[in-house]
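Everything on this sheet refers to the single structure shown next.
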Amino acid sequence: MATRLQFENSCEVGVFSKLTNAYCLVAIGGSENFYSTFEDELADVIPVVKTSIGGTRIIGRLCAGNKNGLLLPHTTTDQELQHLRNSVPDQVVVQRIEERLSALGNCIACNDHVALTHPDLDKLQHLRNSVPDQVVVQRIEERLSALGNCIACNDHVALTHPDLDKETEEMIADVLGVEVFRQTIAGNILVGSYCAFSNRGGLVHPHTSVEDLDELSTLLQVPLVAGTVNRGSEVIAAGMTVNDWTSFCGSDTTATELSVIESVFKLREAQPSAIVDEMRKSLIDSYV
Numbered sequence: 010m011a012t013r014l015q016f017e018n019s020c021e022v023g024v025f026s027k028l029t030n031a032y033c034l035v036a037i038g039g040s041e042n043f044y045s046t047f048e049d050e051l052a053d054v055i056p057v058v059k060t061s062i063g064g065t066r067i068i069g070r071l072c073a074g075n076k077n078g079l080l081l082p083h084t085t086t087d088q089e090l091q092h093l094r095n096s097v098p099d100q101v102v103v104q105r106i107e108e109r110l111s112a113l114g115n116c117i118a119c120n121d122h123v124a125l126t127h128p129d130l131d132k133l134q135h136l137r138n139s140v141p142d143q144v145v146v147q148r149i150e151e152r153l154s155a156l157g158n159c160i161a162c163n164d165h166v167a168l169t170h171p172d173l174d175k176e177t178e179e180m181i182a183d184v185l186g187v188e189v190f191r192q193t194i195a196g197n198i199l200v201g202s203y204c205a206f207s208n209r210g211g212l213v214h215p216h217t218s219v220e221d222l223d224e225l226s227t228l229l230q231v232p233l234v235a236g237t238v239n240r241g242s243e244v245i246a247a248g249m250t251v252n253d254w255t256s257f258c259g260s261d262t263t264a265t266e267l268s269v270i271e272s273v274f275k276l277r278e279a280q281p282s283a284i285v286d287e288m289r290k291s292l293i294d295s296y297v
């Protein structure tokens, strides 16, 4: 299901949170209702971790991650890095990237298999303590440090900013365990801002052409729909966060937008226990 909420007086919930199939990060501060909404929905399945990144609360725009790993900008402090490494599952790799575009969430879009990244992308302790142990937390030395704006990913594929450094591209592939494709979304290089996708579906900028939709859907191997959040906002990833069984959207999201989100991400039929059990089984198989 999809849940509407807000962070203090902001509907840009994707700016202040990062949700994957293995862990959820939420910004420190804000109202207790924001944190408790995530906890009520997720705490029995995955860890919900309060954190800052680089001393700021816009964590969803500064990081990129999936069930395999977590990429952090160079502005991430050692204390934050250690906290995150201690908090996510052991199998998650936490990596800090030295990249000038530190809003990774705006530059990278990914699921558990593929990531799309911002074309100009060059290139932790609290986070590593907070996500599950199997999640790798990695800080990246990349000039494009807003990693969340430059990378969009699921558990298999990542879309990235077209100018991302080759070294950073390789790190995304290694840490997140995904195929990486340099892309734009409706002509926008901040791929992490203008789409959101899981392993089951995706929502992209409303001006994305039919041809681009088909190309992206083929790359990601999931169905895609062009749409909006928060009553017409084109900045998809700022207004929502999603994994394979649930989504959180800004409180301005209309009933129609919510229905589209629940449909394309197949949230009405998703059961977290089955998905997580399958994920755990694959992890066990990988160690055998």
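Counted the way this note's numbering counts, the sequence shown spans residues 10 to 297.
All C-beta atoms in this analysis are idealised placements derived from N, C-alpha and C, irrespective of residue type, glycine included.
So the candidates are the options; which of them puts its Cα closest to the Cα of residue i?
i: I37; options: D49, L125, V58; result: V58
i: E176; options: V189, L79, H165; result: V189
i: V166; options: S202, I198, G114, L228; result: L228
i: N30; options: N75, G248, A264, C159; result: N75
i: N115; options: H122, G64, P171; result: P171
i: I117; options: I245, E48, E41; result: I245
i: I198; options: L173, P215, I181, A182; result: L173
i: G196; options: I55, E243, H122; result: E243
i: H122; options: S154, G64, I181; result: I181
i: I160; options: D223, D53, A73; result: A73
i: G39; options: L233, I68, D53, S202; result: I68
i: A155; options: D223, T85, E266; result: T85
Can you give me the C-alpha to C-alpha distance between residue i and residue j, rounded to a whole angstrom?
i: Y44; j: R66; result: 13 Å
i: I270; j: L212; result: 7 Å
i: D131; j: V187; result: The predicted model places D131 with a pLDDT of 48, which falls under 50 and marks its position as unreliable; any figure quoted below should be read in that light. Spanning the two alpha carbons is a distance of roughly 18 Å.
i: T46; j: A235; result: 27 Å
i: E179; j: L81; result: 15 Å
i: Q91; j: V22; result: 25 Å
i: C204; j: D87; result: 30 Å
i: G157; j: S218; result: 23 Å
i: I194; j: R277; result: 27 Å
i: D221; j: R70; result: 24 Å
i: A264; j: D49; result: 22 Å
i: S268; j: V24; result: 22 Å
i: F16; j: G241; result: 19 Å
i: A11; j: K27; result: 15 Å
i: E41; j: S260; result: 16 Å
i: S272; j: G64; result: 36 Å
i: E266; j: L153; result: 31 Å
i: V35; j: S202; result: 18 Å
Taking the DSSP output, what are the residues bridged to residue i?
i: H122; result: H165
i: V146; result: L79, V103
i: F2; result: Residue coverage of the chain in this structure runs from 10 to 297, which leaves residue 2 outside it and unanswerable.
i: L229; result: In DSSP, L229 forms no bridge with anything.
i: I270; result: According to DSSP, which records beta bridges pairwise, I270 is partnered with nothing at all.
i: V35; result: S26, K59
i: I117; result: T126, I160
i: S8; result: Absent from the model: residue 8. The displayed extent of the chain is 10 to 297, so no value can be given.
Quick one: what's got a C-beta closer than 8 Å to residue i's C-beta in the same chain, skipping five residues either side?
i: V231; result: N120, N163, F206, S207, N208, R209, G210, G211
i: D308; result: The chain is shown only over 10 to 297; residue 308 falls outside these bounds and no answer can be derived.
i: G78; result: V101, V102, V103, Q104, V144, V145, V146, Q147, V184, L185, G186
If you drop the 5 nearest sequence neighbours on each side, which residues of the same chain put their C-beta closer than 6 Å to that of residue i?
i: T262; result: R13, V238, N239
i: L51; result: C33, V57
i: Q192; result: L125, L168, V200
i: N18; result: none
i: A247; result: E21, G23, V24
i: C258; result: A11, R13, V238, M249
Apart from the five residues on each side of it in sequence, which residues of its chain come closer than 7 Å, Cβ to Cβ, to residue i?
i: F274; result: S207, R209, G210, V251, S256
i: P215; result: A235, G236, T237, E243
i: S226; result: P232, L233
Step through the CB atoms of chain C and report whether any lies within less than 8 Å of the CB of residue i.
i: S226; result: Among the chains in the structure shown there is no chain C, since it carries only a single protein chain.
Review point. What are the start and end residues of each continuous beta strand (DSSP E) run of 3 or more residues lying completely inside the stretch 44 to 91, in chain order?
Key: Counting only runs of 3 or more, we get 57 to 60, 78 to 82.
Check your understanding: Of all the beta strand (DSSP E) runs that stay within the bounds of the stretch 172 to 243, which reach a length of 3 or more residues?
Key -> Counting only runs of 3+ residues, the beta strand (DSSP E) found wholly inside the stretch 172 to 243 occupies 188 to 191, 204 to 206, 211 to 213, 233 to 235, in chain order.
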